[in-house]
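K.L.:
One structure, pasted below without further comment.
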Amino acid sequence: MNKRIKTVWILSIATMALILCVQGYWLMNQYRYAIELNIEKLKTECTKAVEQEELYRFYMAERDSVEQPKTHIYIKVNLDNRKGKGKTVKKTVNSEVTYELPGIKRRVKLGNIELANGIDLANRYVAWHVKKTDKHHIDSLLNTAGQDTTAAFRFYKTNRYMAHPVFTTSGTFGNRLDVRYSTNPLEFVGVAFSVTVKPGNVLRSMAWQLVGSALLVLVLAFCMAYQIKTIIIQKRIDRIRHEFMKNMIYEMKQPPASEPTEGEAIKLGETDFFYPFNELRHGSEKVIITSRQAEILRLLAARKNTLVSREELLSEVWSDDSYANSMALNVQITYLRRALKADPTVAIEAVIKKGYILKVKK
């Protein structure tokens, strides 16, 4: 094969493989980016679902006139009214909220929180004792928003106050959102659950990218298969051309043919072998063989009923003992057997891994 053509093929196949790798890497990053966008949307939906579920519990308590626990709240606020260099008033709010819970008369003090959050804590305490946080209600709100249902839903004890849901991500590509929320912070009760981003949402958001990538991959795969097929065909053509040229050179070296005479024949049983004319005669039947087959038969006929090694045949006829020529020798022997089958007194026998014997019955 031409060296330049071979180099071009190797470079083109390497380029297509590189494009496939880059395309796969780009798709993976696009998938991660699409998941991040869906995670941000899911955070908003989870926050809304938690807030709506909490408002629903307040509404149920008011509608059914459920007796709510009384909570006393004491609020201490410190304001810093010092003026700055720009003659503006700096107001620093440092609030401390004390809750007196009913029943056991327990007090809970929380410092440095906003006043609105202080009231919100008391409301959560009341809502918790009216009705606990309902997983099924949150699931229905998330399903309405087109999201998946919650998993690993549980209540746990925590000293951390979370005014708003706290989010973390996990999973192979960060496609699972873990949510924690203080559902009853005055009694140190939190709720935790996980929501997985639906694969369909991600695939829909990058549908055009997937279609374009699939088309590109198909085109590249077709081009690569075509290149490989072309290389294989070219190698076969080169092998046939090489064999043809060797046969042509061999034929050109042979002397011009003339009509054979009986004196030129090599007697093989009842068959006359005319080596210069590549001809076999058995009675009135005449068979023409190739020059290479005639050369093989001449070497075998020179030592009738004696083993002739494969190496000798390959060396004399092909000038090398390569694997391809060894296979070609097997084929030529098969053709010679067919040419000699009319004479029962002549046969070519194979000795495995050693050579061939031309058996001639006297």
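In the numbering used here, each residue's number is its place in the sequence shown (first place is 1) plus 3.
Beta carbons: idealized from backbone N, C-alpha and C, even for Gly.
Looking only at C-alpha atoms, which of K138, M165, R157 sits nearest to N120?
P.N.:
The residue given as residue 120 occupies position 117 in the sequence shown. Taking only the C-alpha atoms, the option nearest N120 is M165.
K.L.:
By the three-class DSSP mapping on this structure, what secondary structure does F276 have?
P.N.:
Translated into the one-based positions of the sequence shown, residue 276 becomes position 273. Correct three-state label for F276: strand.
K.L.:
Start and end of the beta strand (DSSP E) containing N178?
P.N.:
In the sequence shown, counting from the first residue as 1, residue 178 sits at position 175. Unbroken run through N178: none, as it is neither H nor E.
K.L.:
DSSP three-state label for K364, please.
P.N.:
Reading the sequence shown from its first residue, position 361 is the one you call residue 364. Correct three-state label for K364: coil.
K.L.:
Shortest alpha-carbon distance to N250 belongs to which of K51, R239, T293?
P.N.:
As a first step, residue 250 must be located in the sequence shown, where it is residue number 247. Nearest of K51, R239, T293 to N250, Cα basis: T293.
K.L.:
Anyone know if the C-beta pair for L361 and L302 falls short of 7 Å?
P.N.:
Looking up residue 361 in the sequence shown gives position 358. Looking up residue 302 in the sequence shown gives position 299. It is not a contact, given that the beta carbons lie outside the stated cut-off.
K.L.:
Any contact between the segment 185-202 and the segment 213-231? By contact I mean 3 or more CB pairs, one from each, below 8 Å.
P.N.:
Result no; under three Cβ-Cβ pairs closer than 8 Å.
K.L.:
Give me the Cβ distance between L144 and A52, rounded to the nearest whole Å; I'm assuming they're in contact under 8 Å.
P.N.:
On the sequence shown, residue 144 is found 141 positions in, with the first residue counted as 1. On the sequence shown, residue 52 is found 49 positions in, with the first residue counted as 1. That pair is a contact at about 4 Å.
K.L.:
How long is the line joining the alpha carbons of K270 and Y326, rounded to whole angstroms?
P.N.:
Here residue 270 is taken as the residue at index 267 of the sequence shown, counted from 1. Here residue 326 is taken as the residue at index 323 of the sequence shown, counted from 1. Using only the alpha carbons, I get a separation of about 32 Å.
K.L.:
Confirm, please, whether the CB-CB distance from T348 to G272 is below 7 Å.
P.N.:
By one-based count along the sequence shown, residue 272 stands at place 269. By one-based count along the sequence shown, residue 348 stands at place 345. Their beta carbons are under 7 Å apart, which means G272 touches T348 by this criterion.
K.L.:
Taking the beta carbon of D151 as the centre, do at least 16 other beta carbons fall within 10 Å, making it buried, or is it exposed?
P.N.:
On the sequence shown, position 148 is the one that residue 151 refers to. Buried, by the Cβ-count rule.
K.L.:
Secondary structure at Y62, three-state DSSP: helix, strand or coil?
P.N.:
Taking the sequence shown and counting its residues from 1, one reaches residue 62 at position 59. Note: Y62 maps to helix in three-state DSSP.
K.L.:
For N187, which of helix, strand or coil comes out of DSSP?
P.N.:
Numbered from 1 along the sequence shown, position 184 holds the residue referred to as residue 187. In the structure shown, N187 sits in a strand (DSSP, three-state: E or B).
K.L.:
How many Å lie between R296 and L316 at the Cα?
P.N.:
As a first step, residue 296 is located in the sequence shown; it is residue number 293 there, counting from the start. As a first step, residue 316 is located in the sequence shown; it is residue number 313 there, counting from the start. Checking the sequence shown, residue 296 turns out to be Gln, not Arg. The straight-line gap from Cα to Cα measures roughly 11 Å.
K.L.:
In chain order, what are the residue ranges of uninterrupted beta strand (DSSP E) at least 3 long that sit wholly in the segment 14-43?
P.N.:
Whole beta strand (DSSP E) segments, 3+ residues: zero.
K.L.:
Look up Y359 in the DSSP assignment and say whether it is helix, strand or coil.
P.N.:
Mapped onto the sequence shown, residue 359 falls at position 356. Looking at Y359 - three-state DSSP - the assignment turns out to be strand.
K.L.:
What's the gap between the Cα of K370 and the Cα of E56?
P.N.:
The chain is shown only over 4 to 365; residue 370 falls outside these bounds and no answer can be derived.
K.L.:
Could you check what DSSP says for T153 in three-state terms: helix, strand or coil?
P.N.:
Here residue 153 refers to the residue found at position 150 when the sequence shown is read from its first residue. Strand.
K.L.:
Within the chosen definition, does the segment 164-184 reach the segment 38-45 through at least 3 CB pairs nearer than 8 Å?
P.N.:
The segment 164-184 is in contact with the segment 38-45.
K.L.:
Short of 7 Å in beta carbon distance, which residues of its chain neighbour N366, apart from the five on each side in sequence? Order them along the chain.
P.N.:
This structure gives no information on residue 366, because the portion of the chain shown stretches from 4 to 365.
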